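Student: Under numbering that gives the first Met the number 0, read the sequence shown as residues 0 to 413, first letter to last.
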Amino acid sequence: MKRVLVVDDGVENRYLLTALLEGNGFQVVQASNGAEALALAREAAPDIVVTDILMPTMDGFELCRRWRMDERLKGIPFIVYTATYTEPKDEKLALALGADRFLIKPQQPEVLLRVVNEVLAEAASHPGDVVQRPRLDELEALRRHNEALIAKLEKKVHQLEDEAKKRTDVTAALQESERWFRLLAENSSDVVWSMGFDGRILYVSPAVEALLGYKPQELREVPFEKMVAPEGQALLRDEMRKVLEDLAAGRNPKHSDRYEVEMVRRDGTRVWTEISASIMWDESGKAGGFQGVLRDISGRRLLEEDRERLKLQHMQTQRLESIGRLAGGVAHDFNNLLSVIISYADFVAEEMRPEDPLRADVQEIHKAGKRAATLTRQLLAFSRKQVMELQVMDLNQTVAGLQDMLRRLIGEDI
């Protein structure tokens, strides 16, 4: 099994190269810079080395120069594999210092493997070629090495300056965005808030004073749950628990939720609110708490209650209309029957002598029919099929007239 020494200060770069080479039958030894690689190679020489150029402590050029000067290592194949500010003169310098190949990152895996195998095969078939290859003299090598390093460092400095400027621009943009956010939050009638997973408030906009009677600074580090009416606290606890369980399991919680809960004002009164909440993520993509908006929905709740009350009234009216139609139909038919009863009572009374003992009973039938006719008129009035006529009544006379009928209906024991 061929042994490959991989030299790169990037952990991810070393990992990818190691995975590729080990997956294709090579044994891999890793080093993070040239000095470390040289020490490892002198302890146990590899069959080939693959190195980056720009590294701390000792770069790839210096490693190549010392590699070819070492009697034990100078015959071992040397590949430069780099992507840091590469120019044509970098390749010329690397080859002049004794490198066998100069590759620019990234390469397709099959290309990189083919080059490694080619270099190993060349070294095996012509072992003296590497040793006898003409190299730069010491001063020229140092001069060109320094020029290459200076050029790379200048480019690195320019890159860092560009990154610093971009970071400054991003910071300024974030500050401007934060300024606008605070401006909107502080002038909104809705309460903008954020809190940690422990339930403590991190930020709350000034609108909270109008809604709940608390100043924003009074609510900092106060558990959000304390402002929620007891009936709604269990709901919020359950929802927070579900979100934390999803995060712990690696699941992405729902983007946003809305809840209607009663909040307790500072003076103890209650107000219905709508809470919209979502996960608060930091720059690294880590969940840091909740954020959202708190809105007063008391007016909306009153409108909904009024709408429900009107709906019930409408249903009640419909039921009464149905009952009225039924009562009107019954009263109409009953009135026809009463007309017959009253008429026959009158006919019988006309045929009876004044002293007839049954005459009083016939008169009671006539009175009862009249009273029943009055009730049917009331039913017709209730069903809106007859215009109501207001009349003056003698209550004593009316009650006295009902006395005999009630005595027969309910008995003497009541």
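The beta-carbon is built from N, C-alpha and C at its ideal position, and this holds for glycine as well. In this text the structure is predicted, and so the values were computed from the model without any measurement.
#1: Relative to the alpha-carbon of A286, which residue among G249, P353, I322 and N23 has its alpha-carbon at the smallest distance?
#2: Which residue wins for smallest C-alpha separation from Q216, given the options F196, W192 and E230?
#3: With distance defined between alpha-carbon atoms, name the residue in L211, R166 and R199 nearest to S188.
#4: Drop a sphere of 10 angstroms on the beta-carbon of A18, count the other beta-carbons inside from all chains shown, and report buried for 16 or more, exposed for fewer.
#5: In chain order, which continuous runs of the alpha helix (DSSP H) of length 4 or greater are located wholly inside the segment 202-273?
#6: Mind checking who T81 pairs with in its DSSP beta bridge?
#7: Taking buried to mean at least 16 other C-beta atoms within 10 Å of its own C-beta, is G368 buried or exposed?
#8: Exposed or buried, G328, counting other C-beta atoms within 10 Å across all chains shown (16 or more means buried)?
#9: Going by C-alpha to C-alpha distance, which of Q362, M262, L293 and Q396 sits closest to D256?
#10: Can you tell me whether DSSP reads A286 as helix, strand or coil?
#11: Considering just the uninterrupted stretch of the beta strand (DSSP E) at T56, what are its terminal residues?
#12: What are the boundary residues of the alpha helix (DSSP H) that includes V114?
#13: Return the bridge partner residues of T17 from the DSSP annotation.
#14: Starting from R2, trace the beta strand (DSSP E) both ways and give me its first and last residue.
#15: For S338, does the three-state DSSP call read helix, strand or coil?
#16: Taking all protein chains shown into account, decide if W66 is buried (16 or more other Cβ within 10 angstroms of its Cβ) or exposed.
#17: At which residues does the alpha helix (DSSP H) containing A95 begin and terminate?
#18: Would you call L76 buried or exposed, if buried means 16 or more other Cβ atoms sit within 10 Å of its Cβ?
#19: By DSSP, does Q158 sit in helix, in strand, or in coil?
#20: Starting from A38 and walking both ways along the beta strand (DSSP E), at which residues does that stretch end?
#21: By a C-beta neighbour count over all protein chains shown, 10 Å radius and 16 as the cutoff for buried, is A98 buried or exposed?
#22: Applying the 10 Å Cβ sphere with the 16-neighbour rule, what's the burial state of P133?
#23: Reducing DSSP to helix, strand and coil, say where V391 ends up.
#24: Measure the alpha-carbon distance for M330 versus E320 and round it to whole angstroms.
#25: Strictly by DSSP, which residues pair up with W414?
#26: Could you give the residue range of the beta strand (DSSP E) that holds I47?
#27: In this structure, does DSSP put I364 in helix, strand or coil?
#28: Please classify M194 as buried or exposed, where buried requires at least 16 other C-beta atoms within 10 Å of its C-beta.
#29: Report the three-state DSSP secondary structure of P133 (helix, strand or coil).
#30: Under 7 Å Cβ to Cβ from D295, same chain only, skipping five residues before and after it: list those, please.
#31: Just the Cα atoms here: how many angstroms apart are R300 and E259?
#32: Kindly indicate which residue of R71, F60 and E70 has the alpha-carbon position closest to the one of R100.
#33: Should G336 be labelled buried (16 or more other beta-carbon atoms within 10 Å of its own) or exposed?
#34: Counting only the same chain and skipping the five closest in sequence on each side, list residues whose C-beta sits under 8 Å from that of T268.
#35: Could you tell me which of R2, D168, P87 and I274 sits nearest to E21, measuring between CA atoms?
Tutor: So, from the listed chains and residues:
#1: Nearest option by C-alpha distance: G249.
#2: Checking every option, the nearest Cα to that of Q216 belongs to W192.
#3: Of the candidates L211, R166 and R199, the residue whose Cα lies closest to the Cα of S188 is L211.
#4: So A18 counts as exposed.
#5: As far as the segment 202-273 is concerned, its whole alpha helix (DSSP H) runs of at least 4 residues are 207-211, 215-218 and 229-247.
#6: For T81, which the question treats as bridged, DSSP gives the partners I103.
#7: Taking every protein chain shown into account, the CB of G368 has 16 or more other CB atoms within 10 angstroms, so this residue is buried.
#8: By the 10 Å Cβ count, G328 comes out exposed.
#9: Out of Q362, M262, L293 and Q396, L293 has the C-alpha closest to the C-alpha of D256.
#10: Here A286 sits in strand by DSSP.
#11: Per DSSP, T56 lies in no beta strand (DSSP E) and is assigned neither H nor E.
#12: From DSSP, the alpha helix (DSSP H) with V114 extends over P108 to S124.
#13: Its beta-bridge partners do not exist; DSSP assigns none.
#14: R2 -> beta strand (DSSP E) spans R2 to V6.
#15: In the structure shown, S338 adopts helical secondary structure according to DSSP, grouped into three states.
#16: Classification of W66: buried, given that the 10 Å Cβ count is 16 or more.
#17: Run containing A95: P87 to L96, per the alpha helix (DSSP H) assignment.
#18: Per the sequence shown, residue 76 should be read as Pro rather than Leu. It counts as buried.
#19: Helix.
#20: That residue, A38, is in no beta strand (DSSP E); its alpha helix (DSSP H) goes G33 to E42.
#21: By the 10 Å Cβ count, A98 comes out buried.
#22: Reliability fails at P133, whose pLDDT of 48 lies under 50, so the model's placement of it is uncertain and the value that follows must be treated cautiously. Around the beta carbon of P133, a 10 Å sphere encloses fewer than 16 other beta carbons of the protein chains shown; the residue is thus reported as exposed.
#23: The three-state secondary structure of V391, taken from DSSP, is coil.
#24: Inspection of the sequence shows that residue 330 is occupied by Ala rather than by Met. One alpha carbon belongs to A330, the other to E320, and they sit about 15 Å apart.
#25: Outside the shown range of the chain (0 to 413) lies residue 414, about which nothing can therefore be said.
#26: Counting along the chain, the beta strand (DSSP E) containing I47 begins and ends at I47 to T50.
#27: Three-state DSSP puts I364 in a helix.
#28: By the 10 Å Cβ count, M194 comes out buried.
#29: Interpretation of P133 is limited by its pLDDT of 48, a score under 50 that renders its predicted location unreliable; no figure is taken from the coordinates.
#30: Counting only Cβ-Cβ distances below 7 Å, and skipping sequence neighbours, we find L210, V270 and T272.
#31: Within the model, the alpha-carbon separation for R300 versus E259 is close to 10 Å.
#32: Nearest to R100 by C-alpha distance, out of R71, F60 and E70, is F60.
#33: The residue you asked about is not Gly; residue 336 is Leu in the sequence shown. By the beta-carbon neighbour count (other beta carbons within 10 angstroms, threshold 16), L336 is exposed.
#34: The beta carbon of T268 lies closer than 8 Å to none in the same chain, with the five residues before and after it left out.
#35: The closest CA to that of E21, considering only R2, D168, P87 and I274, is found on R2.
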